[in-house]
Structure formats: C-alpha cells, structure tokens
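Right, one structure below, let's go through it.
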Amino acid sequence: MSTRQARILGVGDYRPRRVVPNSEIVEAIDSSDEWIQQRSGIRTRGFAGDDETVVSMSVAAAQDALKVAGVDGTEVDCVIVATVSHLLQTPAAATLIAAELGTKGAAFDISAACAGFCHGVALASDLIRGGSANHVLVIGVEKLSDITSPTDRGTAFIFADGAGAALVGPSDVSGISPVVWGSDGEQSDLIRQDVDWATAVSSGETAMPHLVMEGSAVFRWASFAMAKTAQEALDRAGITADELDVFVPHQANNRITDTMIRAMKLPERVRVARDIVDQGNTSAASVPLALARMIREGEARSGDKALLIAFGAGLAYAAQVVTVP
Ligand code: UT7
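Under the working numbering, the sequence shown has 8 at position 11, and the numbering climbs by one with no breaks.
Here is the structure:
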C-alpha cells in the first residue's frame, strides 16, 4: 500500500473590486438592510466587473496560492475548477486557466455547485495519494451576478462573485482526511437554474436564465443534515470537536453556521469563518475565500486542524478535515 499522503500547500483568493452594500440591492426586491443582515448576516458583497471574469479571477487566486506554496505553475500537473457560472459550455474553464498559468497536464471543470471546492480537494488528495498527480490546483470560482436576477427576492441579496484556490501536493503525513460526501437529486428543485438554455432560446426569452432557490427548505436541510455530515467528517478524520481548531463552513448564511455550531456542540475556542458578512455567498468560491482570509488574518495558523464543509444545489455536499498550510 502506498504511504504517499497529500496536504494543502497554499491557499489564495481573489475578491472583486466592486463592493456592493445592501442599500444598493434592497429597492429592486422590496427589502431592507436590516432584514438582510438579520436573516443572513450579509452587509456587503463583491460583484465582478466586465474585466473580472471566471478565468481572470481564477488565475489571480491560483497565482496567490502558488506564491504562498512556493511552487511554480509548471510543476502543477492537474487543474480542477469548481464552478457553475462559466457561461461557455465548452471548453472547460480549467483549460483556459491552465494555459494562462503555464501548467502542464490535466485540466477539467466539476459541477457540484456550492460543494464543488470540497469535491475538488477530495479528488486532488486521492489523485496524489494514488500517484496520478503531484501538484493539483483546486479552484472554486463564481460570477453568480451573471446568473442572478436583481429582482428575485430569494437570491438577489445572497449570491456574489469571487475566486479561491488551494494547491494540493504530496506529503509524508496526511493533511486531508477522507471526504464525507453525497447528493440528493430528489430535492434538486430546491436550488436550480430556472430554465434550461434550449427552452430559454426557443421561447424567445431575452433575459439570461437565472438561479432560483426555495430558501427556507434549503435552510432547514442545511442546518440539520449538514451538522450530521460535519460530525461524520470529524469521525472519518479520527478527531473530536475538542481537537478541532478552525471551522470553515460554506458561507451560505450565518444563521446556518450558528445552528451547525450548536448541533455539533463546537467548543467556543474553535475559530469560525464569517466571510459571508462582507463577501456574500460565493458558492464554490466561499470555502477557499474564507480559509484564505482566516490564514491571512492569523485566525487559522499553520498546523491547525480545519473542518471544511460545503452544500448546495443537487443537493450536493462534501466535508473533510484539512491541516492548515
Ligand atoms: O448556497 C447554497 C445553499 N443556500 C443556502 O444555504 C441558503 C439557505 N437559505 C437561506 O439562507 C434563507 O432561507 C434566506 C436568507 C434565503 C431567507 O431567509 P428565511 O428566514 O428562510 O426567510 P423566508 O423565506 O422564510 O421568509 C420570511 C419572511 C417572509 O415574510 P412573511 O411570510 O413572514 O410575512 C418573506 O416574504 O421574509 C419575507 N422575505 C423577505 N423580506 C425582505 C423573503 N425574502 C425577503 C427579502 N426581503 N429579500
């Protein structure tokens, strides 16, 4: 049996230049700054400009991660991009990003919505442990402002843009625990694109298809089922909540995070990601964005055990414990 293990070597992020406060969102959805803050925790979010594309934001985040890791792009032999907002059916965003980074080898996208980054970390870990790759870049990126209707009350204040990246590489000791993951397609109607592209075109629709969400149903599912998944991830890592240092849940809603913390009985000393407050819900980008920030601000320190968990459309979810680089 192989003894080769994998760990995260560096994390990077890219946040859009334009910071949009609730006050800019509320009129179109008959809402208020107070309601949005109370129900979700969000105060501001980043909306990308025309020149801040899925590819350019990814390249910037990846370059940041490579720099932190001290690894050159040419040493990367696989690029995995998790996104639902690369609006070109083919080729994959990963191929364009790989070309700009000068990486060699495989490049492909995965579609697991908000859980995509954690799926990518699981794939990267197993590719490295199995000997198929040495350095894998995992990128979570979204430009959800392209596929969110500014007049949709259930989504316009939540979804946002950005990119986060992690470089995963070989290690003598395990720095990424086995993933706990799954999906529930029977509930796939809860978060989805409103119509498929062919229907939109044949009906003469001029507006872009956009995301729709039954927020309360997703909220209930995420708060309780995901606390159980998070506990299973700790079990698979062979640690208890008392041994955890950092909790980086998908930045979906601060109230979901609070409910999970209570259900898991997380000790107060565990540091918790709250990137959603000024970044919004960036789907596949939210976990790496939040982790990058915690590292930068000294809340997550090298060697810390961090529990990552993400969940969303599909209903797809994934969780694992990683060692902070
Ligand atoms: O990232 C993928 C996974 N996504 C998530 O995990 C998101 C999960 N869901 C949520 O975060 C929450 O469901 C929301 C933040 C989206 C909504 O919060 P909620 O507490 O579930 O609100 P609700 O939909 O149950 O609506 C409560 C009330 C309703 O009014 P009544 O019936 O109590 O009079 C709504 O009509 O709030 C009203 N409402 C709004 N008011 C102001 C709904 N949307 C809005 C709005 N502004 N935008």
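We treat Cβ as the ideally placed atom computed from N, Cα and C, and that holds for glycine. All of these numbers come straight from a predicted model, not from anything done at the bench.
(request) Taking residue 284 and residue 137 to be in contact with their CB atoms under 8 Å, please state how far apart those CB atoms are, rounded to whole angstroms. (result) 7 Å
(request) Compute every distance between the C-beta of residue 38 and the non-hydrogen atoms of ligand 1, then say whether any falls below 7 Å. (result) no
(request) Return the bridge partner residues of residue 94 from the DSSP annotation. (result) Partner(s): none; residue 94 has no beta bridge.
(request) Quick one: residues in its chain with C-beta nearer than 6 Å to the C-beta of residue 176, no 5 flanking neighbours on either side, listed in chain order? (result) 119, 315 and 317
(message) Between the alpha carbons of residue 55 and residue 292, how many angstroms are there, rounded?
(response) 19 Å
(message) Tell me whether the stretch 230 to 247 and the stretch 260 to 267 touch, counting them as touching only if at least three CB pairs, one residue from each stretch, are closer than 8 Å.
(response) yes
(message) Nearest by alpha-carbon distance to residue 312: which of 156, 184, 61 and 123 is it?
(response) 184
(message) Let me make sure I understand the geometry here. Which of 51, 310 and 289 has the alpha-carbon closest to that of residue 5?
(response) 289
(request) Return the first residue and the last residue of the beta strand (DSSP E) that residue 170 is part of. (result) No beta strand (DSSP E) contains residue 170, which DSSP labels as neither H nor E.
(request) Per DSSP, which residues does residue 213 bridge with? Please list them. (result) Per DSSP, none; premise fails for residue 213.
(request) List the residues that DSSP assigns as beta-bridge partners of residue 105. (result) 77
(message) Measuring straight from C-alpha to C-alpha, what distance separates residue 258 and residue 301?
(response) 18 Å
(message) Below 8 Å, how does it come out for the stretch 270 to 284 and the stretch 218 to 235: are there three or more Cβ pairs, yes or no?
(response) no
(message) Rounded to the nearest angstrom, what separates residue 202 and residue 191 at their Cα positions?
(response) 12 Å
(message) Using the three-state DSSP reduction, which class does residue 142 fall into: helix, strand or coil?
(response) helix
(message) Starting from residue 41, trace the beta strand (DSSP E) in both directions and tell me its first and last residue.
(response) 41 to 44
(request) Could you spell out the range, first to last residue, of the beta strand (DSSP E) harbouring residue 246? (result) 243 to 246
(request) Name the one or two DSSP bridge partners that residue 18 has. (result) 41
(request) Can you check DSSP and say which residues form a bridge with residue 156? (result) 278
(message) If you reduce the DSSP assignment to three classes, tell me which class residue 60 lands in.
(response) helix
(message) Between which residues of its own chain and residue 233 is the CB-CB distance below 7 Å, once the five residues before and five after are set aside?
(response) 174, 175 and 177
(request) Report yes or no: do three or more beta-carbon pairs, one from the stretch 91 to 100 and one from the stretch 30 to 48, lie closer than 8 Å? (result) no
(message) Tell me the DSSP secondary structure of residue 86 in three-state form.
(response) coil
(message) Within the continuous beta strand (DSSP E) that includes residue 305, where are the two ends?
(response) 302 to 309
(request) Assign residue 295 to one of two classes, buried (16 or more other C-beta atoms within 10 Å of its C-beta) or exposed (fewer than that). (result) exposed
(message) Could you compute how far the alpha carbon of residue 205 sits from the alpha carbon of residue 0?
(response) 49 Å
(message) Alpha carbons only, please: which of 64, 74, 61 and 15 is nearest the one belonging to residue 46?
(response) 15
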